[in-house]
Amino acid sequence: MIKRFKDKNSGEVFHISTKNTSYLFRVLPTGHLEHLYYGKKVNADADTVNCFMERRSFVSGNSVTVSEDRYTSKNNNDISTKNGAGEGKTEISLDDICLEYSTRGMGDFREPMIEYLPEGESSGYTADFIFDSARLIDGNEAGSLPCSYGADGYLLITLREPVDHTTLVLHYAVYESCDVITKRAVFWNSGKKTVMLNRLLSNQLDLDNSYYDKNICFTSFNGAWTREMAKHTTMLNGGTISNKSTTGSSSNFANPFVMVHPENTGEDAGEVYGFNLVYSGNHAEILQVTPYHKLRFLSGINPDFPLARLESGESFEAPEAVLCYSTDGFNGLSRGMHEFVRNHVIRGKWKAKDRPVLLNSWEAVYFKLTEARLLKLAKKAADCGIELFVMDDGWFGNRNDDRSSLGDWQVNKKKLPGGLEGLSAKIHGLGMKFGIWVEPEMVNTDSRLYKKHPDWVLQIPDREQAEGRNQRLLDLSKPEVREYLFDEMSRVFTEGSVDYVKWDYNRNYSDFPVFCDAGKPHGIAGLPARVSKPHACITGLYELMEKLTQKFPKILFEGCAAGGNRFDLGMLSYFPQIWASDDTDPVMRADIQNGYSYGYPQSCYTGHVSASPNHQTLRNTSLKTRFDVAAFTLMGYELNLADMSDAELGKVKEQVGLYKKYRHTLQFGQLHRIRHDNVTQWIIVSEDKKTAVALHLLELAHANDRSCKIVLKGLDPETKYHFYAREQSVDVRVFGDLINTMAPIHIRQGSVMHDVVAKYVKVKIVPENLYAYGDALMNAGVKLNSSYAATGLDENTRLALDFSSEMYFAEG
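Sequence positions in the sequence shown follow numbering that gives the first Met the number 0 and run 0 to 811.
What follows is the structure, given as structure tokens:
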């Protein structure tokens with residue numbers, strides 16, 4: 000809901016409210032927008048809004064001030080503020096006000112939201128936008144970049160610069176049930192001079208000193224390849240901290256989702272602000288604590304790079320920023336963010352549809368794929384109940400390693416004699432869907448495409464290019480490149496009767512021109528002629544993805560960028576799911592998935608059960624643990640089923656059946672984080688609260704640490720639940736030579752006899768099986784069976800081994 004009203008001094012006030020939050024700002028007598036409040040929902044009207052306003056009786060000694068009469072009809076015919084000239088005129092210091100936007104100059108010395116420079120020797124960076132008009136509209140106003148949809152209210156604020164005659168339009172959308180507000184900004188060069196736009200951030204949030212006596216925490220999610228989304232919290236009580244990407248992608252170094260909160264905020268209690276960006280390129284999130292004890296948070300395209308050179312009449316649109324606030328801790332924030340992403344970012348046929356269980360060929364065969372090997376894998380997969388077979392890298396050109404053939408999307412007939420059509424028909428004949436791997440944005444120099452079009456790559460002329468994974472980036476700002484990729488991908492998807500596409504991206508930007516080439520139009524709607532090259536490439540990618548997803552609406556597209564190197568809301572606007580990490584080790588994956596869960600629902604990140612020892616860490620883990628962790632994502636397999644024993648295949652078949660039984664809950668239920676230290680605990684609860692699935696994962700076992708409990712969340716307090724785990728049989732080899740304390744003859748560890756005994760003798764474990772009301776499970780919790788502690792072992796003993804896990808179920 001969005002309300003606008005006048006305060007007692009006839010100043011315009013805007014109140015944006017969601018189910019649980021309020022966001023207020025007003026027009027100052029100077030024409031600036033003062034931010035008044037963002038937090039827990041409050042009542043406000045003309046009689047009461049003054050309680051939100053900061054009292055200003057004077058400005059400090061050396062402050063730079065502006066007055067409300069600085070613009071008059073004499074120098075500006077269409078914009079003026081009340082002329083308060085004389086002794087009673089209002090003077091304020093912009094450096095000590097919570098503002099809704101900021102510029103360079105006029106005495107605000109904090110990080111600005113916008114910075115530009117008009118051409119001309121006498122020009123400076125100073126700009127001073129003042130309020131012109133406001134407009135409420137129904138629905139969302141579409142932009143040239145991907146945006147959220149289905150807003151409950153939409154507000155446009157127009158501001159004008161009275162000297163340069165430029166225009167800034169602020170867009171606000173409200174999503175009431177999610178407690179989400181989105182913001183974006185559009186800059187128009189409505190003046191006569193050419194303007195160099197250096198920065199235009201999407202969101203500015205200034206907060207007052209309510210946190211001054213506490214440490215302010217800036218929580219970001221950083222990492223690298225195979226260790227994405229590690230949660231990092233930094234205390235800040237003065238100065239500036241930033242979270243930035245400079246790789247051309249949203250990056251695995253610094254995801255655009257961040258949180259700002261007091262030190263004492265926990266998973267289920269305390270205030271927290273969450274921020275994200277609907278964008279896939281270079282970004283920045285900046286938090287500043289000022290000498291006047293105010294907070295300023297900014298987010299948007301990374302301001303380290305200039306954005307555009309705008310001729311008169313041209314504009315530049317910043318991507319959409321997402322804001323969410325909760326007093327129910329990090330889990331409360333996650334609930335709002337998850338609902339927003341599911342219902343207002345992800346779109347298309349697969350938005351709310353259960354995703355299939357897949358087998359990906361990569362770790363099974365790598366580049367050594369042949370039709371015979373793939374079909375052998377596929378038959379095993381079909382026998383296990385797997386629904387989708389995905390052929391990964393290596394099927395085209397002379398692609399036997401990562402040094403050649405990217406860009407040449409013609410099938411290798413030596414590997415696939417029947418082509419894509421033949422393999423696809425055989426996979427479909429097994430009752431499975433057929434998927435394929437592509438990496439359209441890249442090219443190897445050892446390829447026919449590069450030899451024919453060396454000018455299609457992203458590079459600085461006359462400078463040697465740095466290499467990454469033996470490949471280069473195609474310049475998607477060029478219309479001819481986008482046309483080629485659209486035609487080639489359309490042909491491949493059609494020839495293969497493709498049901499699923501894994502769209503990969505394995506190289507960062509390194510060396511590129513600042514702007515698109517002058518005189519060579521990029522032909523991208525909404526962009527000025529002279530625009531940042533990385534931004535034009537990202538916008539070109541969006542155009543390509545839009546066309547392909549519109550042409551192939553039934554295909555399930557999965558984004559991938561060497562894992563989570565481009566995991567963001569921009570990609571999720573086109574692809575409903577993203578590969579979370581190339582690391583499939585379940586212990587590392589637990590950390591990675593935990594990180595994603597703060598800002599993204601599990602219905603958009605994927606995970607696979609892979610081999611042991613793991614191919615990334617060489618860690619040994621049980622098939623059970625690998626499945627249990629992957630089950631809390633959009634699950635698949637990535638191991639060589641053809642080399643597995645009948646017993647192992649039987650376990651895979653059982654796992655697939657279990658996952659399918661609880662699939663809708665696991666994929667679309669509400670996830671809660673319970674604990675995360677040496678123990679990871681998650682619970683996912685169905686929308687109707689009748690079904691819940693929980694994970695208990697132990698990283699390292701501690702001696703004589705017998706007691707443990709799990710406290711559930713999100714259940715119906717009045718419903719009686721059956722709480723249980725599955726019975727299991729444990730391989731006796733887990734106990735090593737302790738077997739000799741029970742065996743009638745001595746059995747040497749690792750011997751043939753040891754293996755024979757293990758084949759016929761299993762240790763039966765009967766886990767918890769009880770009934771309890773939801774309120775008891777959420778408050779008292781369940782004290783799990785005692786774990787093995789060097790003495791005592793029966794069928795009720797819990798084996799808490801290194802990297803062991805258990806899934807628990809609560810059904811009402």
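Glycine included, each C-beta is placed from N, C-alpha and C at the ideal position.
Straight-line gap, residue i to residue j (C-alpha atoms, nearest Å)
| i | j | result |
| --- | --- | --- |
| residue 548 | residue 226 | 30 Å |
| residue 423 | residue 721 | 44 Å |
| residue 431 | residue 592 | 28 Å |
| residue 713 | residue 598 | 18 Å |
| residue 330 | residue 671 | 6 Å |
| residue 172 | residue 142 | 13 Å |
| residue 156 | residue 674 | 43 Å |
| residue 774 | residue 715 | 7 Å |
| residue 687 | residue 717 | 13 Å |
| residue 817 | residue 187 | No statement about residue 817 is possible, as the shown extent of the chain runs from 0 to 811 and does not include it. |
| residue 483 | residue 405 | 14 Å |
| residue 297 | residue 18 | 24 Å |
| residue 485 | residue 556 | 15 Å |
| residue 820 | residue 182 | This structure leaves residue 820 out entirely; the chain is present only between 0 and 811. |
| residue 243 | residue 508 | 14 Å |
| residue 129 | residue 166 | 9 Å |
| residue 552 | residue 388 | 19 Å |
Reduced DSSP category for residue i - H, G, I as helix; E, B as strand; rest coil
| i | result |
| --- | --- |
| residue 810 | strand |
| residue 641 | helix |
| residue 690 | strand |
| residue 542 | helix |
| residue 626 | helix |
| residue 84 | Its pLDDT being 36, under 50, residue 84 is placed unreliably by the model, and nothing is read from it. |
| residue 227 | strand |
| residue 361 | helix |
| residue 79 | Reliability of the predicted coordinates at residue 79 is poor, the pLDDT of 36 falling under 50, and no value is obtained from them. |
| residue 409 | coil |
| residue 306 | coil |
| residue 216 | strand |
| residue 696 | strand |
| residue 745 | coil |
| residue 261 | strand |
| residue 105 | coil |
Local Cβ density within 10 Å of residue i, reported as buried at 16 or more and exposed below that
| i | result |
| --- | --- |
| residue 666 | buried |
| residue 764 | buried |
| residue 745 | exposed |
| residue 177 | buried |
| residue 400 | exposed |
| residue 416 | exposed |
| residue 791 | exposed |
| residue 570 | buried |
| residue 770 | exposed |
| residue 136 | exposed |
| residue 804 | buried |
| residue 706 | exposed |
| residue 459 | exposed |
| residue 620 | buried |
| residue 203 | buried |
Any non-hydrogen atom of the ligand GDP within 7 Å of residue i CB
| i | result |
| --- | --- |
| residue 364 | The ligand GDP is not part of this structure, which contains no ligands at all. |
Beta carbon proximity, residue i to chain B, threshold 8 Å
| i | result |
| --- | --- |
| residue 112 | No chain B is part of this structure, which consists of one protein chain only. |
Cβ pair count under 8 Å reaching 3, the segment 577-584 against the segment 554-562:
By the Cβ test, the segment 577-584 is in contact with the segment 554-562, since at least three Cβ pairs between them sit closer than 8 Å.
At least three beta-carbon pairs within less than 8 Å, the segment 339-350 to the segment 587-607
yes
Of all the beta strand (DSSP E) runs that stay within the bounds of the segment 636-680, which reach a length of 3 or more residues?
669-675
Touching by the beta-carbon criterion (3+ pairs, under 8 Å), the segment 526-542 and the segment 280-298:
yes
Is the segment 375-389 touching the segment 626-633, taking contact as three or more C-beta pairs under 8 Å?
no
Could you say if the segment 688-708 and the segment 792-811 meet the contact criterion of at least three C-beta pairs nearer than 8 Å?
yes
Segment contact, 8 Å Cβ cut-off, at least three pairs: the segment 384-402 with the segment 351-367
yes
In the segment 8-70, which residue ranges form an unbroken alpha helix (DSSP H) of at least 4 residues, counting only runs that do not cross its ends?
None, since the segment 8-70 contains no complete alpha helix (DSSP H) of that length.
Pick out the complete alpha helix (DSSP H) segments inside the segment 535-599, 4 residues or longer, and give them in chain order.
568-571, 585-596
For the segment 193-208 against the segment 112-125, do three or more pairs of beta-carbon atoms, one drawn from each stretch, fall closer than 8 Å, so that the two count as touching?
yes
Please give the ranges of any beta strand (DSSP E) in the segment 415-499, keeping only runs that are unbroken, at least 3 residues long and fully inside the region.
Fully enclosed beta strand (DSSP E) runs of 3 or longer: 432-437.
Run through the segment 112-167 for me and flag every whole beta strand (DSSP E) of 3 or more residues, listed as ranges in chain order.
113-117, 129-136, 152-159
Are at least three pairs of beta-carbons, each pair with one atom in the segment 344-364 and one in the segment 301-317, less than 8 Å apart?
No: fewer than three Cβ pairs fall under 8 Å.
Between the segment 495-510 and the segment 460-468, are three or more C-beta pairs nearer than 8 Å?
yes
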